[in-house]
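Student: Sending over a structure as structure tokens; questions will come in a sec.
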Amino acid sequence: MPQPNPPDLNPPAHPASLLGILTAFSFLGATTFGGMWGASRQIERELSERRGWIDAEEMNFYLVAATLVPAPKFMGFAGMVGYKLRGFAGSALAIFGVLIPSAVAVMLGAVLVSPTVLATEFGPLQRTLSIAVAGIVFGTAARHLRNAKVSATSRMIGLAIVLAMAVAIVMGAPLILVIAIAFVLGTYVIKGKTT
Amino acid sequence: MSGLPLGLWEIVYVMVLGSLLGVGGGNGFIPMIQNHFIATGKLDASLFSWAYALGTLTPGPKVGFVAGVGYYLRGYTGAVVAVVSIVVITAIASGFVSVSMSRLSPIMKRISLPSAFVIGGLIIGTGWGLAAPLHPSLLEGAAMAGVVYLIGWRDFDPVWVVLAALALGVLLSL
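For the protein sequence lines, the chains are X and B, in the order given. Take any residue in the first sequence, note its place counting from 1, add 21, and you have its number in the working numbering. Take any residue in the second sequence, note its place counting from 1, add 24, and you have its number in the working numbering.
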């Protein structure tokens, strides 16, 4: 992961109100697909071109820096931009705004389709979705592992850690302990790819 | 929805930890939800899958699915608590990272190297927890393997997988 170099973070050309932050990020949350990277053009159009809150260089910085925030990338990005605009209040409203459309839509689906209906009338649908989601989860893990920019030796060690973790979790080992041991071990033995 | 009692603090705890595990962009919510709610019987795996599928289909961050998880656990209150927990912890983390960027970058870079494998291991453990109770047939297992290939190697957007599963499921339900 490249280390982001903060650009000259100037005050926005047009000051941002808290309501403006909420509406802007709610609009992004309601109209973008494909995650943060897939929505980068729309983000630039809304935050940079239309509202003048950040310029292109700042946007690229925040897109990369968002990966440093321990949170989903899109929300980390919203949080950092919101923080720049109006401190913690701006950060919270930006994150809330980008998340709420999806959360409301999921809630509607959960409320309108009751578990009983799902289990009885749409039993086969529930099963196909469960199979698909399990596959998506495994595929997501595979993508994480394939995208890791580490040396070949470190990749083998990393995969051994993955296997040990998976077995420990399936056997019922405390999750926090598994995570802590894996992180400590991985920090010492996994090295980046030399270029 | 499980009849077992569930404190709202448990939802907060899982959402906060799930968010913190997302360093580097990983999905820490899935293994945390699996470990704390599904494995303990507080949340049916099929309901989790339904909420996750909905999150994949909706715009914005896919993590919106936690609202559905919160709803299945503790109704509307659970949904609100789940969303607010993530918002608050992310706002705090974002602010912290913003002001500490130059000092945090080397540390985060060091942690991000093993994080891919830690998250991968967690997610695989979670995937097993979702897949094993289904006792998939040979055909279903092959379908699952196909999805793994599409997502893991071909970078397929999960939304198409969910739509295809929805279409097939509706056809089979008729």
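No residue lacks a Cβ here, since even glycine has one placed at the ideal position from N, Cα and C. Quick caveat, the model's predicted, so the values are computed rather than measured.
Could you have a look at Val-90/X and say whether DSSP puts it in helix, strand or coil?
Tutor: Taking the first residue of the first sequence as position 1, residue 90/X is located at position 69. Here Val-90/X sits in coil by DSSP.
Student: If we require 4 or more residues per run, which alpha helix (DSSP H) segments fall completely within the segment 103-164 of chain X?
Tutor: 136-140
Student: Using the Cα positions of Val-125/X and Gly-176/B, report the straight-line distance between them to the nearest angstrom.
Tutor: Residue numbering aside, residue 125/X sits at position 104 when the first sequence is read from its first letter. Residue numbering aside, residue 176/B sits at position 152 when the second sequence is read from its first letter. Rounded to whole angstroms, the gap between the alpha carbons of Val-125/X and Gly-176/B is 29 Å.
Student: In the DSSP assignment, the alpha helix (DSSP H) including Ser-175/X goes from what residue to what residue?
Tutor: On the first sequence, position 154 is the one that residue 175/X refers to. That run of the alpha helix (DSSP H) goes 173-191.
Student: Tell me, please, whether the CB atom of Asn-168/X is closer than 8 Å to any CB atom in chain B?
Tutor: Taking the first sequence and counting its residues from 1, one reaches residue 168/X at position 147. Yes, Asn-168/X counts as interfacial toward chain B.
Student: Could you check whether Ser-118/B and Ser-112/X sit closer than 8 Å to each other, using their CB atoms as the reference points?
Tutor: On the first sequence, position 91 is the one that residue 112/X refers to. On the second sequence, position 94 is the one that residue 118/B refers to. Contact: yes.
Student: Could you give the distance in angstroms between the alpha-carbon of Thr-44/X and the alpha-carbon of Met-192/X?
Tutor: Counting from 1 along the first sequence, the entry for residue 44/X is found at position 23. Counting from 1 along the first sequence, the entry for residue 192/X is found at position 171. Roughly 46 Å separates the two Cα atoms.
Student: Which residue spans inside the segment 33-88 of chain X form an unbroken beta strand (DSSP E) run of at least 3?
Tutor: none
Student: In this structure, how does DSSP classify Gly-79/B when only helix, strand and coil are distinguished?
Tutor: Numbered from its first residue, the second sequence carries residue 79/B at position 55. Note: Gly-79/B maps to helix in three-state DSSP.
Student: Distance cutoff 8 Å, beta carbons only. Does Ala-103/B sit that close to anything in chain X?
Tutor: Here residue 103/B refers to the residue found at position 79 when the second sequence is read from its first residue. At least one chain X Cβ lies under 8 Å of Ala-103/B.
Student: Under three-state DSSP, which class holds Gly-46/B?
Tutor: Residue numbering aside, residue 46/B sits at position 22 when the second sequence is read from its first letter. Coil at Gly-46/B, not helix or strand.
Student: Quick one: is Ile-211/X near chain B, going by C-beta distance under 8 Å?
Tutor: Taking the first sequence and counting its residues from 1, the one referred to as residue 211/X is at position 190. Yes - at least one Cβ of chain B is within 8 Å of the one on Ile-211/X.
Student: Can you tell me whether Gly-65/B is buried or exposed? The criterion is at least 16 other CB atoms within 10 Å of its CB, across all chains shown.
Tutor: Along the second sequence, one-based indexing puts residue 65/B at 41. Under this definition Gly-65/B is an exposed residue.
Student: Gly-151/B and Val-210/X - do their beta-carbons sit closer together than 8 Å?
Tutor: Residue mapping note: residue 210/X aligns to position 189 of the first sequence, counting from 1. Residue mapping note: residue 151/B aligns to position 127 of the second sequence, counting from 1. No, they are not a contact pair.
Student: What three-state label does DSSP hand Gly-84/B in the structure shown?
Tutor: Position 60 of the second sequence, counted from the first residue, corresponds to residue 84/B. Looking at Gly-84/B - three-state DSSP - the assignment turns out to be coil, as it is neither helix nor strand.
Student: Could you spell out where the alpha helix (DSSP H) holding Trp-177/B opens and where it closes?
Tutor: Here residue 177/B refers to the residue found at position 153 of the second sequence. Note, Trp-177/B: premise wrong, no alpha helix (DSSP H); not H, not E.
Student: So which residues on chain B does Thr-53/X lean against when the C-beta distance must stay under 7 Å?
Tutor: Counting from 1 along the first sequence, the entry for residue 53/X is found at position 32. Near Thr-53/X (Cβ distances below 7 Å), the residues of chain B are Pro-83, Gly-84.
Student: Using a C-beta cutoff of 8 Å, does Pro-122/X count as contacting chain B?
Tutor: Within the first sequence, numbered from 1, the residue matching residue 122/X stands at position 101. True, the Cβ-Cβ gap to chain B drops below 8 Å.
Student: Could you check the C-alpha separation between Ile-113/B and Phe-61/B for me, to the nearest Å?
Tutor: Within the second sequence, numbered from 1, the residue matching residue 113/B stands at position 89. Within the second sequence, numbered from 1, the residue matching residue 61/B stands at position 37. Roughly 20 Å separates the two Cα atoms.
Student: Keeping to the same chain, check which residues put their C-beta closer than 6 Å to that of Met-25/B; ignore five residues upstream and five downstream.
Tutor: Counting from 1 along the second sequence, the entry for residue 25/B is found at position 1. At Met-25/B the pLDDT is 40, less than 50, meaning the model places this residue with poor confidence; the figure from the coordinates comes in the next sentence. Around Met-25/B: Tyr-96.
Student: Looking at chain B, is there any beta carbon in it that lies within less than 8 Å of the beta carbon of Gln-147/X?
Tutor: Along the first sequence, one-based indexing puts residue 147/X at 126. By this cut-off, Gln-147/X is an interface position.
Student: Around the Cβ of Ile-131/B, are there at least 16 other Cβ atoms within 10 angstroms (buried) or fewer (exposed)?
Tutor: Locating residue 131/B in the second sequence gives position 107, counting from the first residue. Exposed is the call here.
Student: Distance, Cα to Cα, Arg-127/B vs Ala-87/X?
Tutor: Counting from one through the second sequence, the residue named residue 127/B turns up at place 103. Counting from one through the first sequence, the residue named residue 87/X turns up at place 66. Going by C-alpha positions, Arg-127/B is about 15 Å away from Ala-87/X.
Student: Counting only beta-carbon atoms, is Phe-141/B nearer than 8 Å to chain X?
Tutor: Here residue 141/B corresponds to residue number 117 of the second sequence, with the count starting at 1. At least one chain X Cβ lies under 8 Å of Phe-141/B.
Student: Against chain B, with Cβ distances strictly below 8 Å, would Asp-29/X count as a contact?
Tutor: As a working note, residue 29/X is residue 8 in the first sequence. With a pLDDT of 47 at Asp-29/X, under the threshold of 50, the modelled position of that residue is not reliable, and no figure is offered here.
Student: Met-177/X: buried (16+ other C-beta within 10 angstroms of its C-beta) or exposed?
Tutor: Position 156 of the first sequence, counted from the start, is the residue given in the question as residue 177/X. Exposed.
Student: Restricting to Cα atoms, I'd like to know which of Phe-72/B, Ala-189/B, Ser-122/B, Phe-89/B is closest to Tyr-104/X.
Tutor: As a position in the first sequence, residue 104/X is number 83, starting the count at 1. Looking at the Cα atoms, Ser-122/B is the closest of the given residues.
Student: Mind listing the chain X neighbours of Ile-147/B? Cutoff is C-beta to C-beta under 8 Å, in chain order.
Tutor: For this step, residue 147/B is matched to residue 123 along the second sequence. Ordered by position in chain X, the residues that pass the 8 Å Cβ test against Ile-147/B are Val-158, Phe-159, Thr-161, Ala-162, His-165.
Student: Give me the chain B residues within the contact set of Ala-37/X, using Cβ-Cβ distance strictly less than 8 Å, ordered along the chain.
Tutor: As a first step, residue 37/X must be located in the first sequence, where it is residue number 16. None at all; the shortest Cβ gap to chain B is about 15 Å.
Student: Is it buried or exposed for Thr-53/X, if we count other Cβ within 10 angstroms and need 16 for buried?
Tutor: Within the first sequence, residue 53/X is the residue found at index 32, counting from 1. Looking at its Cβ environment, which holds 16 or more other Cβ atoms inside 10 Å, Thr-53/X is buried.
Student: Is the CB of Gly-73/X under 8 Å away from at least one CB in chain B?
Tutor: What you label residue 73/X is simply residue 52 of the first sequence in a count that begins at 1. No, Gly-73/X lies away from the interface with chain B (no Cβ there is under 8 Å from its Cβ).
Student: What number of angstroms, rounded off, separates the C-alpha of Val-38/B from the C-alpha of Thr-101/B?
Tutor: By 1-based counting over the second sequence, the position of residue 38/B is 14. By 1-based counting over the second sequence, the position of residue 101/B is 77. The straight-line gap from Cα to Cα measures roughly 15 Å.
Student: Comparing the C-beta of Glu-164/B with each C-beta of chain X, is any distance below 8 Å?
Tutor: Taking the first residue of the second sequence as position 1, residue 164/B is located at position 140. At least one CB atom of chain X sits nearer than 8 Å to the CB of Glu-164/B.
Student: Checking contacts by CB at 8 Å: is Phe-61/B closer than that to chain X?
Tutor: As a working mapping, residue 61/B is identified with position 37 in the second sequence. By this cut-off, Phe-61/B is not an interface position.
Student: Decide if Thr-216/X is buried, meaning its Cβ has at least 16 other Cβ atoms within 10 Å, or exposed.
Tutor: Within the first sequence, numbered from 1, the residue matching residue 216/X stands at position 195. Residue confidence is low: Thr-216/X scores 45 on pLDDT, short of 50, so the model does not pin down where it sits. Its coordinate-derived value is still stated next. Thr-216/X should be labelled exposed.
Student: Would you say Arg-134/B faces chain X, with C-beta separation under 8 Å as the test?
Tutor: By one-based count along the second sequence, residue 134/B stands at place 110. Output row for Arg-134/B: interface = yes.
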